[in-house]
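If you read the sequence shown in UniProt numbering, its first letter stands for residue 1, the second for the next number, and so on.
Beta carbons: idealized from backbone N, C-alpha and C, even for Gly.
First the structure, in the form of structure tokens, and then the observations on it.
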Amino acid sequence: MRRQMLETELFNRARELREQQQSEGSPRSSTRGSGGNKGTEARAAAEARARFCRREAEHLREVRAMKAGAIRLLGSGGLAVAAGRYETVKVLGKGSFGVVKLVRERGREGRVYAMKVIRKSKMLKTNQEGHLRAERDLLVASEGSRIVPLVASFQDLSNLYLVMEYMPGGDFLSLLIRENVLHESVARFYVAEIVLCVEAAHSLKCIHRDIKPDNFLISASGHLKISDFGLAFDGHWSHDTTYYNSHRHDKKDLYDGEPLLNWRNRCGTRHSARSVVGTSQYMAPEVIEGRRYDARCDWWSVGIILFECIYGHTPFLSEAGRQQTKENILRHHETFGFPPRPTVSRRCQHLMLSLITDKEYRGSKMRDLAGRYVFPYDAEDIKAHKWFRHIPWERLHELEPPLVPQLRSVDDTHYFED
Numbered sequence: 001m002r003r004q005m006l007e008t009e010l011f012n013r014a015r016e017l018r019e020q021q022q023s024e025g026s027p028r029s030s031t032r033g034s035g036g037n038k039g040t041e042a043r044a045a046a047e048a049r050a051r052f053c054r055r056e057a058e059h060l061r062e063v064r065a066m067k068a069g070a071i072r073l074l075g076s077g078g079l080a081v082a083a084g085r086y087e088t089v090k091v092l093g094k095g096s097f098g099v100v101k102l103v104r105e106r107g108r109e110g111r112v113y114a115m116k117v118i119r120k121s122k123m124l125k126t127n128q129e130g131h132l133r134a135e136r137d138l139l140v141a142s143e144g145s146r147i148v149p150l151v152a153s154f155q156d157l158s159n160l161y162l163v164m165e166y167m168p169g170g171d172f173l174s175l176l177i178r179e180n181v182l183h184e185s186v187a188r189f190y191v192a193e194i195v196l197c198v199e200a201a202h203s204l205k206c207i208h209r210d211i212k213p214d215n216f217l218i219s220a221s222g223h224l225k226i227s228d229f230g231l232a233f234d235g236h237w238s239h240d241t242t243y244y245n246s247h248r249h250d251k252k253d254l255y256d257g258e259p260l261l262n263w264r265n266r267c268g269t270r271h272s273a274r275s276v277v278g279t280s281q282y283m284a285p286e287v288i289e290g291r292r293y294d295a296r297c298d299w300w301s302v303g304i305i306l307f308e309c310i311y312g313h314t315p316f317l318s319e320a321g322r323q324q325t326k327e328n329i330l331r332h333h334e335t336f337g338f339p340p341r342p343t344v345s346r347r348c349q350h351l352m353l354s355l356i357t358d359k360e361y362r363g364s365k366m367r368d369l370a371g372r373y374v375f376p377y378d379a380e381d382i383k384a385h386k387w388f389r390h391i392p393w394e395r396l397h398e399l400e401p402p403l404v405p406q407l408r409s410v411d412d413t414h415y416f417e418d
């Protein structure tokens with residue numbers, strides 16, 4: 001993809017510039033110490049920001065154009081053509097519902113994408129229609145730089161297809177496995193990016209409900225984007241598995257033959273979430289208990305990820321299995337604690353404690369949450385925490401990440417290899 005190539009070229013040029021400065025004996029410290037060069041540095045930084053903004057605007061226009069092209073193609077009855085537009089480069093992963101492939105668009109430009117192929121039969125047998133539709137609709141609605149964008153979606157007789165931007169750096173879990181533990185300063189950068197990703201998801205008025213390292217993907221430039229909205233909840237009737245479950249049998253069994261529109265109007269929008277979904281190690285206690293929960297359950301999961309970054313494991317994991325892990329979470333007041341090593345700042349520990357706590361005290365100080373399952377600006381108090389004091393939130397996307405993927409080409413897949 002053009003944006004990936006630009007990002008890779010940008011970082012390669014920056015790396016060459018640093019090497020050239022070092023070879024000429026002009027380290028950064030001496031440059032900063034020169035008062036005459038400060039104005040030059042400021043102008044260069046402003047120009048870099050302007051270039052990034054232009055590239056970001058071009059990228060968003062490109063995504064919109066590709067989405068519009070896909071809509072025109074499908075509207076003209078070109079389903080078979082849509083499937084034939086892409087050739088498989090490599091299988092990136094396999095799951096219970098299908099596969100994720102790296103594909104290349106046929107044509108002169110030959111852009112590469114990640115394509116999720118979902119088997120219809122498996123989806124129907126496991127009652128996943130609502131979840132899949134929610135994922136597609138939320139990805140279509142997103143245009144921010146923190147959510148992996150959906151480029152196109154289509155189907156044939158056997159499969160459903162979601163075509164998304166390819167993230168060649170792999171997922172954040174793989175990074176944690178490679179590094180084992182992260183230094184606190186490195187963890188601060190990545191957790192700050194995760195906070196922005198979750199904030200972007202909540203701006204769509206949805207609860208993600210499956211916040212874990214696997215679901216944050218790494219771009220060519222090393223920045224994180226959130227993915228996999230398959231368990232997301234936004235209260236819309238068409239994303240509710242209850243509707244599909246009640247309409248998959250004979251009409252005599254369906255609310256006395258109640259028509260679709262009557263069912264939708266009667267049920268309307270669900271204003272609370274109660275389904276027990278997610279990955280057990282990262283689940284908030286209110287989710288496990290099946291109590292009414294809201295978007296604050298995602299912030300609990302962010303606290304678990306922060307703990308995992310620092311200590312190399314999640315705090316409630318039990319070798320006895322998932323059930324014991326869930327019991328440890330439910331008794332978190334008794335079971336949660338900090339290991340003696342490594343040494344961690346009090347501010348970092350305080351942030352963990354403010355997230356891994358009962359939902360009434362978790363993250364946000366907002367008190368007007370009654371009857372709402374998601375609310376805007378719920379990350380503001382977290383972003384204002386003292387541990388993040390030196391994080392430039394508005395410019396975080398401009399900073400070079402601590403660990404930048406080393407890519408050989410735009411279709412490099414070695415971060416997805418075992």
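Residue i and residue j look like a contact to me (Cβ under 8 Å); what is the Cβ gap, rounded to whole Å?
{"i": "Pro402", "j": "Val186", "result": "5 Å"}
{"i": "Gly98", "j": "Val117", "result": "5 Å"}
{"i": "Asp171", "j": "Ile218", "result": "7 Å"}
{"i": "Cys206", "j": "Arg146", "result": "About 14 Å separates the two Cβ atoms, so there is no contact after all."}
{"i": "Val163", "j": "Met115", "result": "5 Å"}
{"i": "Lys90", "j": "Thr413", "result": "5 Å"}
{"i": "Arg209", "j": "Cys297", "result": "7 Å"}
{"i": "His223", "j": "Asp378", "result": "Actually they are not in contact, since the Cβ atoms of His223 and Asp378 sit about 22 Å apart, beyond 8 Å."}
{"i": "Leu102", "j": "Tyr166", "result": "6 Å"}
When the cut-off is 8 Å and only beta carbons count, does residue i lie next to chain B?
{"i": "Val198", "result": "Judged by its chain identifiers, the structure shown contains no chain B, having just a single protein chain."}
Indicate the three-state DSSP secondary structure (helix, strand or coil) for residue i in the structure shown.
{"i": "Met123", "result": "helix"}
{"i": "Phe375", "result": "coil"}
{"i": "Ala220", "result": "coil"}
{"i": "Lys101", "result": "strand"}
{"i": "Leu317", "result": "coil"}
{"i": "Met352", "result": "helix"}
{"i": "Tyr166", "result": "coil"}
{"i": "Asp214", "result": "helix"}
{"i": "Leu407", "result": "coil"}
{"i": "Gly93", "result": "strand"}
{"i": "Thr325", "result": "helix"}
{"i": "Glu193", "result": "helix"}
{"i": "Ile177", "result": "helix"}
{"i": "Glu87", "result": "strand"}
{"i": "Ile118", "result": "strand"}
{"i": "Ile382", "result": "helix"}
{"i": "Val112", "result": "strand"}
{"i": "Lys359", "result": "helix"}
{"i": "Cys267", "result": "With a pLDDT of 39 at Cys267, under the threshold of 50, the predicted position of this residue should be treated as unreliable, though the coordinate-derived value follows. Cys267: helix per DSSP, three-state reduction."}
Rounding to the nearest angstrom, what Cα-Cα distance links residue i and residue j in this structure?
{"i": "Val302", "j": "Tyr361", "result": "15 Å"}
{"i": "Glu105", "j": "Tyr86", "result": "4 Å"}
{"i": "Gly363", "j": "Leu204", "result": "19 Å"}
{"i": "Arg119", "j": "Ala200", "result": "29 Å"}
{"i": "Tyr179", "j": "Lys125", "result": "Rather than Tyr, the amino acid found at residue 179 in this sequence is Glu. Cα-Cα distance, rounded: 39 Å."}
{"i": "Ile310", "j": "Arg188", "result": "10 Å"}
{"i": "Phe388", "j": "Ala192", "result": "8 Å"}
{"i": "Glu308", "j": "Asp358", "result": "19 Å"}
{"i": "Glu380", "j": "Gly107", "result": "45 Å"}
{"i": "Asn328", "j": "Tyr190", "result": "26 Å"}
{"i": "Gly84", "j": "Ala295", "result": "39 Å"}
{"i": "Arg408", "j": "Leu176", "result": "22 Å"}
{"i": "Leu399", "j": "Gly93", "result": "30 Å"}
{"i": "Arg138", "j": "Met123", "result": "Reading off the sequence shown, one finds Leu at residue 138, where the question assumed Arg. Cα-Cα distance, rounded: 18 Å."}
{"i": "Phe316", "j": "Thr279", "result": "12 Å"}
{"i": "Phe336", "j": "Thr40", "result": "50 Å"}
{"i": "Asp214", "j": "Gly169", "result": "12 Å"}
{"i": "Arg133", "j": "Glu109", "result": "30 Å"}
{"i": "Arg136", "j": "His332", "result": "35 Å"}
{"i": "Lys383", "j": "Ala320", "result": "36 Å"}
{"i": "Thr88", "j": "Val404", "result": "26 Å"}
{"i": "Thr325", "j": "Gly312", "result": "17 Å"}
{"i": "Phe375", "j": "Arg322", "result": "31 Å"}
{"i": "Lys386", "j": "Phe338", "result": "19 Å"}
Kindly provide the ranges of any beta strand (DSSP E) runs that are 3 or more residues long and lie completely inside the stretch 131-162, ordered along the chain.
The beta strand (DSSP E) runs lying completely inside the stretch 131-162 and spanning 3 residues or more are 150-155, given in chain order.
Whole alpha helix (DSSP H) elements within the stretch 278-309, 4-residue minimum
List check, alpha helix (DSSP H) in window: 285-289.
Pairs of beta-carbons, one from the stretch 342-349 and one from the stretch 219-233, closer than 8 Å: are there three or more?
Taking a contact to require three or more Cβ pairs closer than 8 Å, the stretch 342-349 and the stretch 219-233 do not qualify as touching.
For the stretch 289-296 and the stretch 173-185, state whether three or more C-beta atom pairs, one from each stretch, are separated by less than 8 Å.
At 8 Å Cβ cutoff, the stretches do not touch.
Spell out a yes or no on whether the stretch 300-319 and the stretch 352-359 are touching, meaning 3 or more CB-CB pairs, one atom from each, closer than 8 Å.
Of all C-beta pairs linking the stretch 300-319 to the stretch 352-359, three or more are shorter than 8 Å, placing the two stretches in contact.
So, do the stretch 280-288 and the stretch 151-160 have three or more beta carbon pairs nearer to each other than 8 Å?
Put simply, the stretch 280-288 does not touch the stretch 151-160. Fewer than three CB pairs are less than 8 Å apart.
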